[in-house]
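A.B. asks: Quick one: structure below, then a few questions.
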Amino acid sequence: MVAIRFAFLVSLVAVVVTAGRIPRSDMIVRASRSAAPSGFELVAAAPAEQTIPLRIALVQNNIAGLEKALYDVSTPGSPNYGNHLSKEEVRDSMRDSNVSITDASHCQVESYVRPSQASIDAVNAYLKANGLSSTTLSPAGDWIGIQVPVSKANEMFNAEFAVFNHKQTGDQTIRTLSYSIPSALQEHLDFVHPTTNFAAGGLGSPSLPLSPVKISHNGTATGSQPETGSCSIITPACLQKIYGLPTAEATQKSNQIAVSGYIGEYAQKADLTEFLVALRPDMSATTTFSLATIDGGSDPQGPLSAGVEANLDVQYTVGVAQGVPTTFISVGSSNSDGFGGFLDTVNYLLSLPTIPNVLTTSYGYNEPELDPNAANNLCNAYMQLGARGTSILFSSGDGGVSGSQSQSCTTFIPTFPSTCPYVTSVGGTTGSAPETAAGLSAGGFSTIFATPSYQSNSVAAYLKGLGSTYSGLYNAKGRGFPDIAAQAENVEIINAGDAVTVAGTSCSSPIFASTIALLNDQLIAAGKSSLGFLNPWLYSHPNALHDITSGNNPGCNTNGFPASRGWDPVTGLGSPNFAALRTAAGLWPCDIVKSTILAEYRLKSAVKKLSFGKIGATVYAFDIAFPICVA
């Protein structure tokens, strides 16, 4: 095999060096579109001399093996459940997807996705023949980057790069409707970005503030703040009441939560302080967050820099998951587009020896804007994070069945990354007595990803009840989303010193992420592993969530999908029920633990009095292994 690969590589180098541009007959179309996605219009051909950054994804070594390993450590009942994969430890024998997994905790994630040396050499030879060199962009080397003039990019990839305008935002971007690669590279080069990938905007910016709520100097809310006990306006105290969240400070400093920030959104420490004083007076007002920056990101402070989205995300992680160290990841614009920012966020986290236990993101795209190859590759990157033990949560979107925002559409529009089967998508609810589906909650079915096995029964049950309603408007064989839900309307935050209420699934994701972080704290305190990739566990324990059975998510001139018993594409499996989630995670209910500890104490006292050493030793061993309960 080595000799064959070497001969192939020599042949390829000879072709690219002697022939220059590959003849069109030797090129294979990698991706193409008949037209730009809805909302984009062609402006003109891109200037030939303009330099553009391109990212090249190399074919990954054993992505099927990584998926197998992910499910092995994430599925309840598996012998390796909770034994998340490491970055450093290597088990080369596990590169073969046919080898049985016996100890996944000793496997290096990068070994699954690292491209073969033949792929690395072949792609770099093609670049060198065209006068280009590459930069490695990912820890495993499966992503490389180049800077190339438009004219050379057109020549190398048989493309026609042009300037396109996004009608809603006015943003202009350089893309092509088609590109090709040499046939000799088809087993080595996965895709090139940005080419046919039109992702050009973020969802998740919450709706405009509703009614301002003034905060008095004594730390209590006045004005339109509801009476004590009412949850018409959502605050941390209301979430504790509705979902049964713990009020005690988390204790495990190894348990961390990360918040992604994009498109110039900056989290304000002064606003967080005011938020804690007003709405979490039981916490220290000096509690803050750490900052990580990539792609030229920053976090300037001051009222003029305040970002509604960033403040929301930080306030409802720091202020709900009290005591859990929180990091705000500010992603700058030097990645050339938002999709590149997503890639760089994942690669940054994968480069760390210790990664956060939970990652929450309130941004995304309408799935039709994406090149399926790009979506698949980014989704596989999230698979790597999940295999290493990170719970990845994304807001589902705010446009009901029309995707990221309300818009005209002839078929339902799913959102990405919510449709990636390796992330947990969070939809929206509203109200508390009872809690119902929020009409803005995006949900539906992917046109790129198939229904994963962990939700196949749940999706089938819903579709059976739905019958022929909306037939042809969605992909009945696609991955259903969201998976879960949380409060998404009338959520109070502090922004630029003012108390305002906001709406959107941007509220839901950090709220549920904080719930998982608090649960992880108790798991780690009990000597257990954190949850990691959530979905197989969640779908194994649907009764651990509050089932939302009323409401719908209108869009595309329809009423959208209706909520129903069990999973539905509006609120997923439902909203948090912390006590039930504790039990599902293997932590004993507090009342049972307390009564058992009392009985065990009495038994130990009796044993001590009778001086039965053997029995006493047995009781003591039982005592130190008993689950920890934190009410």
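Per the working numbering, residue 4 is the first one in the sequence shown, and the count goes up by one each step.
Where is the CB? At the ideal position from N, CA and C, for every residue including glycine.
#1: So, using beta-carbon positions, are VAL321 and PHE342 closer together than 8 angstroms?
#2: If you count every other CB in all the chains shown that lies within 10 Å of the CB of ALA506, and 16 or more means buried, which is it?
#3: Are the stretch 518-529 and the stretch 373-384 touching by the rule of at least three beta carbon pairs closer than 8 angstroms?
#4: Ignoring anything shorter than 4 residues, give me the alpha helix (DSSP H) runs that lie fully in the stretch 362-447, in order along the chain.
#5: In terms of residues, what are the limits of the alpha helix (DSSP H) holding GLU277?
#6: Do GLY299 and GLY335 count as a contact pair if the criterion is CB distance below 8 angstroms?
#7: Determine the direct distance from the alpha carbon of PHE452 to that of ASN200, and round the result to whole angstroms.
#8: Okay, do the stretch 542-559 and the stretch 267-276 touch, 3+ Cβ pairs below 8 angstroms being the bar?
#9: I'd like the span of the beta strand (DSSP E) that includes GLU495, first residue to last.
#10: Taking the alpha-carbon positions, what's the ARG98 to LEU69 distance?
#11: Going by DSSP in three states, LEU140 sits in which element: helix, strand or coil?
#12: Out of SER578, ASP145, ALA165, point me to the one whose CA is closest to VAL349's CA.
#13: Using a 10 Å radius around the Cβ and a threshold of 16 neighbouring Cβ atoms, would you call PRO485 buried or exposed?
#14: Return the chain-ordered ranges of every alpha helix (DSSP H) run that is complete within the stretch 505-579 and spans a minimum of 4 residues.
#15: Please confirm if the stretch 137-155 is in contact with the stretch 54-67, defined as three or more CB-CB distances below 8 angstroms between the two stretches.
#16: Between GLY400, ASN556, ASP174, ASN555, which has its C-alpha nearest TYR368's C-alpha?
#17: Note the first and the last residue of the continuous alpha helix (DSSP H) segment covering LEU242.
#18: Nearest to SER35 by CA position, among SER181, MET159, LEU590, TYR319, is which residue?
#19: MET286 by DSSP, collapsed to three states: which one?
#20: Would DSSP call SER337 helix, strand or coil?
#21: What three-state label does DSSP hand THR54 in the structure shown?
#22: Give the DSSP-derived three-state secondary structure of ALA491 in the structure shown.
#23: Identify which residue in TYR542, TYR265, ALA132, VAL32 has its Cα closest to the Cα of GLN458.
#24: Given SER638, which residues of its chain have a CB within under 7 angstroms of its CB, disregarding the five upstream and five downstream residues?
#25: Closest to ALA582 by CA distance: which of GLN243, GLY475, GLU492 is it?
#26: Below 8 angstroms on the Cβ atoms is my guess for PRO417 versus GLU492; work out the distance and round it to an integer in Å.
#27: So, helix, strand or coil for PHE484, using DSSP?
#28: Ordered along the chain, which non-local residues of its own chain (more than five positions away) have a Cβ less than 7 angstroms from that of TYR74?
#29: Find out if the Cβ-Cβ distance for the pair ALA253, LEU522 is shorter than 8 angstroms.
#30: Express the C-alpha separation of GLU438 and ARG568 in angstroms, rounding to a whole number.
#31: Under 8 angstroms: do the stretch 461-477 and the stretch 492-503 share three or more Cβ pairs, one atom per stretch?
#32: Excluding the 5 residues preceding and the 5 following LEU130 in the sequence, name in chain order all residues of the same chain whose CB lies nearer than 7 angstroms to its CB.
#33: Return the Cβ separation of SER1 and GLY535 in integer angstroms, given the expectation that the two are a contact with Cβ distance under 8 angstroms.
#34: Under 8 angstroms, do ALA165 and ALA38 count as touching if we go by C-beta distance?
#35: Identify the residues that DSSP records as bridge partners of LYS44: which are they?
#36: Based on Cα-Cα distance, which residue from THR413, GLY483, ALA441 lies nearest to THR561?
C.D. replies: Checking against the coordinates, here is how it stands:
#1: no
#2: buried
#3: no
#4: 375-390
#5: 272-282
#6: yes
#7: 17 angstroms
#8: no
#9: 494-498
#10: With a pLDDT of only 41 at ARG98, under the threshold of 50, the placement of this residue in the model should not be trusted, and no figure is reported.
#11: coil
#12: ASP145
#13: buried
#14: 508-528, 538-543
#15: yes
#16: GLY400
#17: 239-246
#18: SER181
#19: coil
#20: coil
#21: strand
#22: coil
#23: TYR542
#24: One cannot answer for residue 638 here, as it falls past the ends of the chain, which runs 4 to 634.
#25: GLN243
#26: Wrong, their Cβ atoms sit about 22 angstroms apart, outside the cutoff.
#27: strand
#28: PRO539
#29: no
#30: 13 angstroms
#31: no
#32: SER136, SER137, ILE149
#33: The shown model of the chain, from 4 to 634, leaves out residue 1, and the question about it has no answer.
#34: no
#35: It should be pointed out that residue 44 corresponds to Glu in this sequence rather than to Lys. ASN168.
#36: THR413
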